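To keep things clear, I will list the structure first and then write my remarks on it.
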Amino acid sequence: MKMFSKVSLLAGLIIASNSFAATEVNAKLGQNLKIMQDILQSSLGGEEHSSIGRIQHSYLFGQGVAFRVDSNSGWLRHFVMPPMPPMPAMAPAPGSGVAVAANVANSISISENGNSFSFSFDEEAMEEMAEAAEAMAEQQQDQSEKLRDLREERRDIERDLRDYEREKRDIEFSAKVSKLDSDQQKKLTEINQKSEQLKTQLAQLQKNLTEQELEYNKKRAEQQKLAAQRQTELVAKVGQVFSNTLCDYGASLRDLKEQEFVSFQLSLSGRDNAKDHYWVVKKSDINQCVTGKIDAPALLKKASYYQY
């Protein structure tokens, strides 16, 4: 009986180990996904660009491929995606060779059957936007420092006023006990004069501070509105780039099964309560775009888009 139990246990372990054996993924599929990852990376500006980090991908067996990219912290305050340059269509026949090489951070070269072409982002426009954003940040920092100086000056005046008020109370208390001498009278007069001067100075300072705070809050609200607008523009542009790339280069995913999906996740790191954006496209719909039955905007409409 014990021998039978041991044999049964051993058989169960062998069956269990076989049932958990990893399924090998087609090596050609891995190459397809890496090619698409490189194309998406370059289409969005390259991994070294200040707006987009390194795109990564994972494959879910029987489900499809998921590409994911993180936006670099803080860049959404000032970044606007420039118009994408026109990308020539590519629909290689099954079995044809496609080579992709990311030469620099914001360009890509592709060779197919002896023919090659390349495209790149407008680096000068990117630099101009970065410089404008830096100038905006410096201006906001200057305003913040000016407000801090004004508040410190206000605290100094208020402290001096309290000191004068304390001296005044001491002199007035002495006046209740005995008549003030000439020095005390002179001191009291000086205190009243300086107190009035400080009160006038404080009123003017408070007016200036209030105006500066209103201006600062107004500009901050404008910047937040602009950041939200540019985030919306970026999300829309990423969706367009994703659909255009799938239409132009989707044939390189030839080893991805018809019933599987291609998804893209944009993670907006560095933003408070920011949700990630997802696009999910059927491989069969990509094939329709590759063959010209639908165009990139139509493919984008057919994609499932959500935030989480």
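Position one of the sequence shown corresponds to residue 53 (the numbering used here), numbered consecutively onward.
Just so you know, even glycine gets a beta-carbon here, dropped at the ideal spot from N, CA and C.
These numbers were taken from a predicted model, which means no experiment stands behind them.
A contact is defined here as three or more CB-CB pairs under 8 Å, and the stretch 339-356 meets this definition with respect to the stretch 293-304. In the DSSP secondary-structure assignment, Val314 is bridged to Val117 and Val333. According to DSSP, residue pairing for Ser110 in a beta bridge involves Ala118. When secondary structure is reduced to three states using DSSP, Tyr357 falls in the strand class. Take Ile243, set aside five residues on each side of it, and the residues of its chain with a beta-carbon closer than 7 Å to its own are Tyr216, Glu219 and Lys220, in chain order. In the three-state reduction of the DSSP assignment, Ser196 falls in the helix class, which pools H, G and I.
Ser230 carries a coil assignment under DSSP once its states are collapsed to helix, strand and coil.
With contact defined as three or more Cβ pairs closer than 8 Å, the stretch 202-217 and the stretch 251-264 are in contact. Under the 8 Å Cβ criterion, the stretch 326-336 does not count as touching the stretch 265-277, having fewer than three qualifying pairs. Ranking Phe294, Asp233, Leu96 and Leu257 by CA distance to the CA of Asp208 puts Leu257 first.
Burial state of Arg214 is exposed, judged by a 10 Å Cβ sphere holding fewer than 16 other Cβ atoms.
Per DSSP, the unbroken alpha helix (DSSP H) holding Lys86 starts and ends at Ala79 to Ser95. Under the three-pair Cβ rule at 8 Å, the stretch 277-286 does not count as touching the stretch 237-254.
Around the beta carbon of Phe119, 16 or more other beta carbons sit within 10 angstroms, so the residue counts as buried.
With respect to the C-alpha of Ser356, the residue from Ser123, Leu250 and Gly291 having the closest C-alpha is Gly291. Around the beta carbon of Gly114, fewer than 16 other beta carbons sit within 10 angstroms, so the residue counts as exposed. The Cβ-Cβ distance between Phe313 and Val117 falls below 9 Å. Taking C-beta atoms as the reference points, Leu85 and Leu266 fail to come closer than 9 Å. In its chain, beyond the 5 residues on either side, Asp122 and Asp328 have a beta carbon closer than 6 Å to the beta carbon of Ser319. For the pair Ile223 and Leu199, the CB atoms are not nearer than the 9 Å cut-off. In the DSSP assignment, Ser319 forms a beta bridge with Asp122. Taking C-beta atoms under 8 Å as the contact rule, Ser226 and Gln236 qualify, at a distance of about 7 Å.
Taking the Cα positions, Ala79 is about 48 Å away from Ala189. With a minimum length of 3 residues, there is no unbroken run of beta strand (DSSP E) contained wholly in the stretch 255-293. Assignment of Asp300 by DSSP, reduced to helix, strand and coil, places it in the helix class. Less than 9 Å separates the beta-carbon of Tyr268 from that of Gln195. Spanning the alpha carbons of Glu310 and Leu278 requires a straight line of approximately 41 Å. When the five nearest sequence neighbours on each side are left out, the beta carbons in the same chain lying within less than 7 Å of the beta carbon of Asp212 are those of Leu250, in order along the chain. Put simply, the backbone Cα of Ser94 is about 37 Å away from that of Lys270. Within its own chain, the residues whose Cβ lies closer than 6 Å to the Cβ of Leu81, once the five positions on either side in sequence are excluded, are Asp307, listed in chain order. In chain order, Phe119, Phe294 and Trp331 place their CB closer than 6 Å to the CB of Phe316, counting only its own chain and leaving out the 5 sequence neighbours on each side.
Leu305 has its alpha-carbon roughly 18 Å from the corresponding atom of Lys345. The beta carbon of Gln108 sits closer than 6 Å to those of Arg120, all from its chain and outside the five residues before and after it, given in chain order.
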